[in-house]
Amino acid sequence: MWSQEFAKGLESQWAEEFDGKAAPGESADQSNWANQFAGDEEFRELEEAFSNSRSMEDWVHEYRKNTAHLSNEPSDLEWDAMAKAWTEHGQEASSSAGRGATEVGSGYRADPEAYQNYDFHDADVNPYLRASAPSLTDEQIRQLDLSEAVLALEARVQRNPQDARAWYQLGVRQQENEQDGLAIASLRKAVELNPTELNNAWIDLAVSFTNENCRVDAYDALQSWIETHPEYRQFLNNNDGSSRHQSIENVFLEAARHSSASHRDADAEVQIALGVLFHIAEDYDKATDCFQTALNLRPQEYMLWNKLGATLANARQPQRAMDAYFTALELNPSYIRARYNLAISSINLGLHREAAEHLLGALALQTRATKGGEGELDGKGKEPAVSGGGGLLHNRISSNLWNTLKMTMQILDQPDLINACDHQDLDAFQGKFDF
């Protein structure tokens, strides 16, 4: 294990991905490879290449090349509307390589206006905002399914916008929900209110920024974790890196040395942060080693199993990645992000029907079926959140899920179900797939 070898001054080789997101050298369009598909004709052009299990990077390149002529089509305009706003940092590196410094290839920084405000569900679909709603404890919220927990936490922070811990919990649940934009907005609020006590929120922020391809912001978040850590911030003065990445890496490696020497064991948070950092650098073997070391200390942490799986997937080890995702789902069956990642690995292995079922399972979790009377909550918050007398209450659905499902239906030659994807009609899949 690298962390133990490292403590003895040894070297090893190490790995990464995050939820199908792009590597640092790729474009923002590539990082959102599943966000939009331009039409049936374009699907058919790409079907053979994808079915033959070409690498995802090659497929993305092929897709963008084959659809470049569609820049004025409605589907391309929709792509543009969903695309993140970036400010590219492509100037020469600052000699200090400190916060705010830029360098060639350092990636993108989020637009200053992006991720500023959290977009809440409407009050009329959130029963936890009703005057009659009970006040739930943290433990009761943890027992809720994912979409219910999001609603309960949204209600909590709307009632008390200064509740930094609730903002943090909401951000983490939105990460699980395949909603990194909402996670960033929530986690930013948490660290704004309490940057020191909620120190680990900085690492979660780094993960979501990495998923959104905002590499400079990810570096900022990792540096903030060190700056607000009472034990490790001393190492910032030993910074002699020639680049922003090298500078931060040196600090975290120094923290890892200190942790091994002081505690005779690895610090899981340092290992997770290093894993994220090596993910950004595409050093997949090292990232795998870091996440595995952290899992040795926290074997029940399902989000960490997902990080390991995503890393293995980017290292082009889809079977091992699937094993990690299945472990995450054993620990938390409602973990939507792990189901989505499991679908991507299944596609890479040519298991398209299985991929569709994983995607449908994730969509079933995001689209919460509701039924019954007045929609009141008992003291444990166990009743489903409903508005009025039943029907369907749709949680925010990740466009990645429907778009990837649509692509999979094209590969499986299911034209009726392609149309169902366009209308987000989950009922059309009942009886045809097991989910």
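Residue numbering for the sequence shown follows full-length UniProt numbering, beginning at 1 and increasing consecutively.
Where a beta carbon is used, it is the ideal one built from N, C-alpha and C, also for glycine.
From a predicted model like this one, the values you see are computed outputs, not experimental measurements.
Cα-Cα separation, residue i to residue j
| i | j | result |
| --- | --- | --- |
| S260 | E254 | 10 angstroms |
| Q158 | T137 | 16 angstroms |
| Q174 | L304 | 15 angstroms |
| Q234 | Q246 | 17 angstroms |
| L193 | D425 | 41 angstroms |
| Y340 | T404 | 9 angstroms |
| A133 | L295 | 38 angstroms |
| M407 | N314 | 20 angstroms |
| N126 | N177 | 17 angstroms |
| A266 | Y232 | 14 angstroms |
| residue 458 | F435 | Absent from the structure is residue 458, since the part of the chain shown begins at 1 and ends at 435. |
| A420 | D122 | 26 angstroms |
| E269 | I411 | 41 angstroms |
| A355 | F433 | 11 angstroms |
| Q430 | Y335 | 21 angstroms |
| V251 | L236 | 6 angstroms |
| I184 | G171 | 7 angstroms |
| Y302 | R244 | 30 angstroms |
| F120 | S242 | 42 angstroms |
| L297 | S399 | 35 angstroms |
| K307 | N332 | 14 angstroms |
| L144 | V207 | 24 angstroms |
| F326 | A364 | 18 angstroms |
| L312 | N211 | 15 angstroms |
Residue i in three-state terms, based on DSSP
| i | result |
| --- | --- |
| R316 | coil |
| Q430 | strand |
| R109 | strand |
| residue 503 | Residue 503 lies beyond the residue range present for the chain, which begins at 1 and ends at 435; the question has no answer from this structure. |
| P230 | coil |
| S242 | coil |
| Q424 | coil |
| L198 | coil |
| L205 | helix |
| F435 | coil |
| E212 | coil |
| Q143 | helix |
| S135 | coil |
Span of the alpha helix (DSSP H) around residue i
| i | result |
| --- | --- |
| N117 | First-last for N117: undefined, no H or E at that position. |
| Y168 | A164 to E176 |
| D220 | R215 to E227 |
| F278 | A268 to I280 |
| Y340 | I336 to N348 |
| R130 | Note, R130: premise wrong, no alpha helix (DSSP H); not H, not E. |
| E354 | H352 to Q366 |
| N400 | S399 to I411 |
| A291 | Here the sequence assigns Phe to residue 291, which means Ala is not the residue at that position. Y284 to L297 is the extent of the alpha helix (DSSP H) around F291. |
| S147 | L146 to R159 |
| Q300 | Per DSSP, Q300 belongs to no alpha helix (DSSP H) and is neither H nor E. |
8 angstroms contact criterion, which residue i and residue j should meet: CB distance rounded
| i | j | result |
| --- | --- | --- |
| H279 | A273 | With a Cβ gap of about 11 angstroms, H279 and A273 do not count as contacting. |
| F209 | A221 | 6 angstroms |
| L187 | L205 | 5 angstroms |
| I141 | A155 | About 10 angstroms; that fails the 8 angstroms criterion. |
| R109 | D217 | 6 angstroms |
| I248 | Q223 | 6 angstroms |
| A281 | G309 | Not confirmed; about 19 angstroms, so no contact. |
| Q317 | C290 | No, Q317 and C290 are not in contact; Cβ-Cβ is about 16 angstroms, not under 8 angstroms. |
Below-8 angstroms beta-carbon distance, residue i vs any chain D residue
| i | result |
| --- | --- |
| D138 | Chain labels in this structure do not include chain D; a single protein chain is all it has. |
Using a Cβ distance threshold of 8 angstroms, determine whether the region 339-349 contacts the region 317-329, with at least three qualifying pairs required.
In short, these stretches touch, since the Cβ pair count reaches three.
The region 190-200 contacting the region 165-180, beta-carbon criterion three pairs below 8 angstroms:
In the pairwise beta carbon analysis, the region 190-200 is classified as touching the region 165-180: at least three pairs are separated by under 8 angstroms.
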